[in-house]
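Read the structure below first, then the notes.
Protein chains: 4
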Amino acid sequence: MRSKHNLVGSLADESQASDKYRRILEAGVKVFARKGFHNARVNEIAREAGVADGTIYIYFKNKDDILIKIFEESLALIIARLKTELSRQTDAVAKVKLFIKMHLDLMKEDQALGEVFQVELRQSNKFMKEYLPQRYYDYLDVIAEILREGQKAGLFRPEISPDIFKRALFGALDEISLFWILRNREQGYLENSREQLADIFLRGIARG
Amino acid sequence: MRSKHNLVGSLADESQASDKYRRILEAGVKVFARKGFHNARVNEIAREAGVADGTIYIYFKNKDDILIKIFEESLALIIARLKTELSRQTDAVAKVKLFIKMHLDLMKEDQALGEVFQVELRQSNKFMKEYLPQRYYDYLDVIAEILREGQKAGLFRPEISPDIFKRALFGALDEISLFWILRNREQGYLENSREQLADIFLRGIARG
Amino acid sequence: MRSKHNLVGSLADESQASDKYRRILEAGVKVFARKGFHNARVNEIAREAGVADGTIYIYFKNKDDILIKIFEESLALIIARLKTELSRQTDAVAKVKLFIKMHLDLMKEDQALGEVFQVELRQSNKFMKEYLPQRYYDYLDVIAEILREGQKAGLFRPEISPDIFKRALFGALDEISLFWILRNREQGYLENSREQLADIFLRGIARG
Amino acid sequence: MRSKHNLVGSLADESQASDKYRRILEAGVKVFARKGFHNARVNEIAREAGVADGTIYIYFKNKDDILIKIFEESLALIIARLKTELSRQTDAVAKVKLFIKMHLDLMKEDQALGEVFQVELRQSNKFMKEYLPQRYYDYLDVIAEILREGQKAGLFRPEISPDIFKRALFGALDEISLFWILRNREQGYLENSREQLADIFLRGIARG
DNA sequence: GATGAATGAGCTTTCATTCAT
DNA sequence: GATGAATGAAAGCTCATTCAT
Numbered sequence: 005m006r007s008k009h010n011l012v013g014s015l016a017d018e019s020q021a022s023d024k025y026r027r028i029l030e031a032g033v034k035v036f037a038r039k040g041f042h043n044a045r046v047n048e049i050a051r052e053a054g055v056a057d058g059t060i061y062i063y064f065k066n067k068d069d070i071l072i073k074i075f076e077e078s079l080a081l082i083i084a085r086l087k088t089e090l091s092r093q094t095d096a097v098a099k100v101k102l103f104i105k106m107h108l109d110l111m112k113e114d115q116a117l118g119e120v121f122q123v124e125l126r127q128s129n130k131f132m133k134e135y136l137p138q139r140y141y142d143y144l145d146v147i148a149e150i151l152r153e154g155q156k157a158g159l160f161r162p163e164i165s166p167d168i169f170k171r172a173l174f175g176a177l178d179e180i181s182l183f184w185i186l187r188n189r190e191q192g193y194l195e196n197s198r199e200q201l202a203d204i205f206l207r208g209i210a211r212g
Numbered sequence: 005m006r007s008k009h010n011l012v013g014s015l016a017d018e019s020q021a022s023d024k025y026r027r028i029l030e031a032g033v034k035v036f037a038r039k040g041f042h043n044a045r046v047n048e049i050a051r052e053a054g055v056a057d058g059t060i061y062i063y064f065k066n067k068d069d070i071l072i073k074i075f076e077e078s079l080a081l082i083i084a085r086l087k088t089e090l091s092r093q094t095d096a097v098a099k100v101k102l103f104i105k106m107h108l109d110l111m112k113e114d115q116a117l118g119e120v121f122q123v124e125l126r127q128s129n130k131f132m133k134e135y136l137p138q139r140y141y142d143y144l145d146v147i148a149e150i151l152r153e154g155q156k157a158g159l160f161r162p163e164i165s166p167d168i169f170k171r172a173l174f175g176a177l178d179e180i181s182l183f184w185i186l187r188n189r190e191q192g193y194l195e196n197s198r199e200q201l202a203d204i205f206l207r208g209i210a211r212g
Numbered sequence: 005m006r007s008k009h010n011l012v013g014s015l016a017d018e019s020q021a022s023d024k025y026r027r028i029l030e031a032g033v034k035v036f037a038r039k040g041f042h043n044a045r046v047n048e049i050a051r052e053a054g055v056a057d058g059t060i061y062i063y064f065k066n067k068d069d070i071l072i073k074i075f076e077e078s079l080a081l082i083i084a085r086l087k088t089e090l091s092r093q094t095d096a097v098a099k100v101k102l103f104i105k106m107h108l109d110l111m112k113e114d115q116a117l118g119e120v121f122q123v124e125l126r127q128s129n130k131f132m133k134e135y136l137p138q139r140y141y142d143y144l145d146v147i148a149e150i151l152r153e154g155q156k157a158g159l160f161r162p163e164i165s166p167d168i169f170k171r172a173l174f175g176a177l178d179e180i181s182l183f184w185i186l187r188n189r190e191q192g193y194l195e196n197s198r199e200q201l202a203d204i205f206l207r208g209i210a211r212g
Numbered sequence: 005m006r007s008k009h010n011l012v013g014s015l016a017d018e019s020q021a022s023d024k025y026r027r028i029l030e031a032g033v034k035v036f037a038r039k040g041f042h043n044a045r046v047n048e049i050a051r052e053a054g055v056a057d058g059t060i061y062i063y064f065k066n067k068d069d070i071l072i073k074i075f076e077e078s079l080a081l082i083i084a085r086l087k088t089e090l091s092r093q094t095d096a097v098a099k100v101k102l103f104i105k106m107h108l109d110l111m112k113e114d115q116a117l118g119e120v121f122q123v124e125l126r127q128s129n130k131f132m133k134e135y136l137p138q139r140y141y142d143y144l145d146v147i148a149e150i151l152r153e154g155q156k157a158g159l160f161r162p163e164i165s166p167d168i169f170k171r172a173l174f175g176a177l178d179e180i181s182l183f184w185i186l187r188n189r190e191q192g193y194l195e196n197s198r199e200q201l202a203d204i205f206l207r208g209i210a211r212g
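Chains as they are written, first to last, in my numbering: chain A, 5 to 212; chain B, 5 to 212; chain C, 5 to 212; chain D, 5 to 212.
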């Protein structure tokens, strides 16, 4: 298996449909990251993917669908990877640290995808208000699960609500990532943030 | 003085310029909240404001400008109010609690404005990437200032970075608010969240 | 009587109506010359004239009417002046030379008006196709009259049609003027043209 | 080869690119002639051409571009035809007569095109002031060339400036044509004018 | 499946003109 | 008469999507 340089590339491999599906998906990430969702032109995605405009509509319902599929496929892979890595840790504290690290690493690993997640997804009304982002809930639930585990193990305080904690941590990570991207990815910022966030949140939920 | 039902209304009152400026601003909030920025039609804002299409362009440079002015004027007022209230508290811990409360209360107080802040602002590329949201930084700095105060008073650990803490707390509040709005404003959710967040973050930064 | 710097100024003096009528007319010439008829904005004419937008509509029916009035009033004065000067000459040959000289001098004397005559008048469909430019015919008839006089005096060939000659001479003068204006009013060009045109046309119609 | 009813039709045939390009060009001539450049609506040109509005913008940059292309393509063909015909004459006097005839015939041959040339071209500021009408200069130079030839042959006086003569003759032809068009194309007028103009201008420049 | 020329609905903005003051 | 804020019709152009080849 040839090594992939980014997540969308890896993900699309699983769908055996066609080479073109993957190319359009990758082109979508690039163009959405470069221009933003609303300023991205379908024909630019087509050109970038090396296909005709019409071909896009063989593989995707419409422009929104490209964005949604990028999100869904990428997140499915991310979640799978997360779960694999987390399962190697037994300690809930270590798991929280690892989750924070992996989330922030992801932004660095595939910057175009990071930008799409942070900035562009929110531009699609259909996405925000109509589309049920099941995978997004799955992602948050990874956090909730770690919390519950830690509560069971007596490491975290039982009165913390997993549903609120997962959003709080995710929101913090999201905001930190957004700032980092909009501020041109300042060196060292994410590493520093990682430790601070782990420190604050772990003490915030620690028992005793 | 008649009591105002929302922030934009209050704000625009200060500018005595014209009744129409305020009406357009209020109409903008309503229509942006209802349709989203990109699907909002200028002529719908005009109708809602009870003015002609062209009148909008006497008071605003363009559609983006309406959004930006809503943000600027509202946030200026919010920050002023925040600072007034916070100055009545002497204890940094109480200030953090108050900040969290006021942020969440704001979402309930003016739901359309909340929706615009949460969902629509991020849809304007001009806003996110080109326009320098000075007021947004001012808002975050209110948090940073509280932290520094608490650190000086020996209440909070000195190794916490104000710049990271302010984003973490804001991100958490933002995510909670967004969820609440997208999930149709479930009763009691914000009150519950308020206590949990205060609990987590205050313990997270507490000294000793 | 204060000395006037241009034709429109002089003309409008005769209409005793109001100072504002004249100011709008002068402003119209300036703005039409600067921007062209279609790119001229009524509110720019108003500003230039130092009156309110609405005031324009007290003195003129509409934007087209300003152009037409500029044309009519200026041309009436020009024709009056022409006739006075021509009446001082007894020789039809001298009259042709004088006509050519005066037409070209006019372009130099009031450049803005010249530009409006040459370039902008033709941009108003209403002007070209609907409005009957009586004064324009009067102007051409000055030429026809000179020709007839010369024919009677036996100086010019009787078979030359006054109606065609007047258009031919006017057309030649018009084209020369247009070129001179579009080519940034090259020094000496009009003087040179004057002699050549007189030479060609006078020999062209000379008897024997 | 089917005979073409007008110049634009003929011209566009050479570009085999697409049927639609030619249809839009022809529709442009018709609509510009009917409504004038500024009152012509792009969607009317589209309807007349039997294409969708957007199709226009596949073949032309914008509305101005349609006018410019009409001018350029037509004039190129006209000049080519002129040169061919003129080369069949050896006598400079005959060439002047032929030029005059051909110019006026052109107005009758394709009346819509004539109207666009006479009336509408001057309405585009872009055209008059920004766009360099190279072809127009080429057209005038055909006249200048004939004059020089005649001067060399000792038929025309050497002191006549070709640059002024070409504008004088063109201006006369132009004015005559404009009058004829605005006056509803009076029968016989052009034929009469042709002879008078040839008479005046040839005597005007004749040697001895 | 793939193409890409063609479509045409849709929208922001301008600006001549009006009219209440 | 004079004002100038307000009007609102009008139009060029874009671009997601379709469909004949």
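Using N, Cα and C, we set each Cβ at its ideal position, and we do this for glycine too.
Can you tell which of Lys87/C, Ala148/C, Leu29/C has its C-alpha closest to the C-alpha of Ala53/C? The option with the nearest alpha carbon to Ala53/C is Leu29/C.
For the region 156–189 of chain D, list the alpha helix (DSSP H) runs that are entirely contained and at least 4 residues long, ordered along the chain. Those alpha helix (DSSP H) runs which fall completely within the region 156–189 of chain D and span 4+ residues are 166–186.
Check whether the Cβ of Gly208/A lies closer than 9 Å to any Cβ atom in chain B. So yes, Gly208/A belongs to the interface.
Cβ-based contacts, 8 Å cut-off: residues of the region 169–180 of chain A near chain B: Correct list: Phe169, Arg171, Ala172, Leu173, Phe174, Gly175, Ala176, Leu177, Asp178, Glu179, Ile180.
So, is the C-beta of Glu163/A closer than 9 Å to a C-beta in chain B? Output row for Glu163/A: interface = yes.
Give the residues from the region 19–51 of chain C that approach chain D closer than 8 Å (Cβ to any Cβ), ordered along the chain. From the region 19–51 of chain C, only Gly40, His42, Asn43 have a Cβ closer than 8 Å to chain D.
Rounded straight-line distance, which links the Cα of Ala37/B to that of Val46/B: The straight-line gap separating the alpha-carbon atoms of Val46/B and Ala37/B is approximately 14 Å.
Determine, using beta carbons only, whether Gln93/C comes closer than 9 Å to chain D. Gln93/C does not count as touching chain D.
DSSP has Ala210/C in a bridge; who is on the other side? Answer is Phe160/C.
For Phe205/B versus Gly208/A, is the C-beta distance shorter than 9 Å? Yes; because the gap between Cβ atoms is below 9 Å, this pair is in contact.
Kindly confirm or deny that the region 95–111 of chain B and the region 149–162 of chain B touch, where touching means at least three C-beta pairs closer than 8 Å. With the cut-off at 8 Å, the region 95–111 of chain B and the region 149–162 of chain B touch.
How big is the Cα-Cα spacing for Asn196/D and Ser91/D? In this structure, the straight-line span from the alpha carbon of Asn196/D to that of Ser91/D is close to 25 Å.
If you follow the alpha helix (DSSP H) that Gly40/D is in, where does it begin and where does it stop? Element bounds for Gly40/D: n/a, residue is neither H nor E.
Any beta carbon of chain B sitting closer than 9 Å to that of Asn66/A? No, its Cβ sits nowhere closer than 9 Å to a Cβ of chain B.
At a threshold of 8 Å, does Ala80/B count as lining the ligand HEM (C-beta to nearest heavy atom)? Because no ligand of any kind appears in the structure shown, any question about the ligand HEM cannot be addressed here.
State the start and end residues of the unbroken alpha helix (DSSP H) segment that holds Ala135/C. The amino acid occupying residue 135/C in the given sequence is Tyr; Ala does not appear at that position. Counting along the chain, Tyr135/C falls outside any alpha helix (DSSP H), and DSSP gives it neither H nor E.
Best match in Ile180/C, Ala157/C, Asp142/C, Glu199/C for proximity to Ile164/D [C-alpha to C-alpha]: Among Ile180/C, Ala157/C, Asp142/C, Glu199/C, the Cα nearest to that of Ile164/D is on Glu199/C.
Cα-Cα separation, Glu190/C to Val55/A: One C-alpha to the other measures close to 56 Å.
Show which residues of chain B have a CB atom less than 9 Å away from the CB atom of Gln200/A. Contacts between Gln200/A and chain B, judged by CB atoms closer than 9 Å, involve Glu163, Ile164, Ser165, Ile168, Phe169, Ala172 in chain order.
Measuring straight from C-alpha to C-alpha, what distance separates Gly212/A and Asp68/A? In this structure, the alpha-carbon of Gly212/A lies about 48 Å from that of Asp68/A.
Below 7 Å CB to CB, which residues in the same chain sit around Tyr193/D once its five sequence neighbours on both sides are set aside? Closer than 7 Å at Cβ, skipping near neighbours: Trp184.
Chain C residues whose Cβ lies nearer than 7 Å to that of Ser197/D: Neighbours of Ser197/D in chain C, taken as residues whose beta carbon is under 7 Å from its own, are Ile168 in chain order.
Could you tell me the distance, in whole angstroms, from the CA atom of Phe75/A to the CA atom of Phe121/A? Rounded to the nearest angstrom, the two C-alpha atoms are 7 Å apart.
With a threshold of 9 Å between beta carbons, is Asp203/A in contact with chain B? Asp203/A counts as touching chain B.
Proximal residues to Val33/A (C-beta, below 7 Å), its chain only, five neighbours per side dropped: Cβ-Cβ distances below 7 Å link Val33/A to Val12, Ile74, Ala116, Leu117, Val120 in the same chain, with the five nearest sequence neighbours on each side left out; the list follows chain order.
According to DSSP, simplified to helix, strand and coil, what is Lys65/A? DSSP places Lys65/A in coil when its eight states are reduced to three.
Which chain C residues sit within Cβ distance under 7 Å of Phe103/D? Neighbours of Phe103/D on chain C: none; closest Cβ ~15 Å, over 7 Å.
Taking a contact to mean a Cβ-Cβ separation below 9 Å, would you say Lys112/A touches Thr59/A in this structure? Result no, Cβ atoms of Lys112/A and Thr59/A do not sit closer than 9 Å.
Thinking Ala176/B and Gly154/A are a contact (beta carbons under 8 Å), I'd like their distance in whole angstroms, please. Going by Cβ atoms, the distance from Ala176/B to Gly154/A rounds to 18 Å, so no, they are not a contact pair.
Taking the alpha helix (DSSP H) that Phe103/A falls in, what are its first and last residues? From DSSP, the alpha helix (DSSP H) with Phe103/A extends over 96–113.
Under a CB-based cut-off of 9 Å, is Ser7/B close to chain A? Residue placement at Ser7/B is poorly supported in this model, since its pLDDT is 38, which falls under 50; the coordinates are not used for a value here.
With 9 Å set as the bound, which would you pick, yes or no: does the beta-carbon of Phe121/D sit closer than that to a beta-carbon of chain C? Taking Cβ atoms only, chain C never reaches closer than 9 Å to Phe121/D, which makes this a no.
Quick one: Cα of Pro166/C to Cα of Ser181/D, how far? Answer to the nearest angstrom: the Cα atoms are 16 Å apart.
Rounded C-alpha distance that separates Tyr141/A from Asn43/C: Distance from the CA atom of Tyr141/A to the CA atom of Asn43/C, rounded to whole angstroms, is 57 Å.
Can you tell me where the alpha helix (DSSP H) holding Arg51/C begins and where it ends? Segment 46–53, the alpha helix (DSSP H) holding Arg51/C.
Using only CA atoms, which one of Ile70/D, Lys105/D, Tyr61/D, Lys65/D lies nearest to Ala31/D? Of the candidates Ile70/D, Lys105/D, Tyr61/D, Lys65/D, Ile70/D places its Cα closest to the Cα of Ala31/D.
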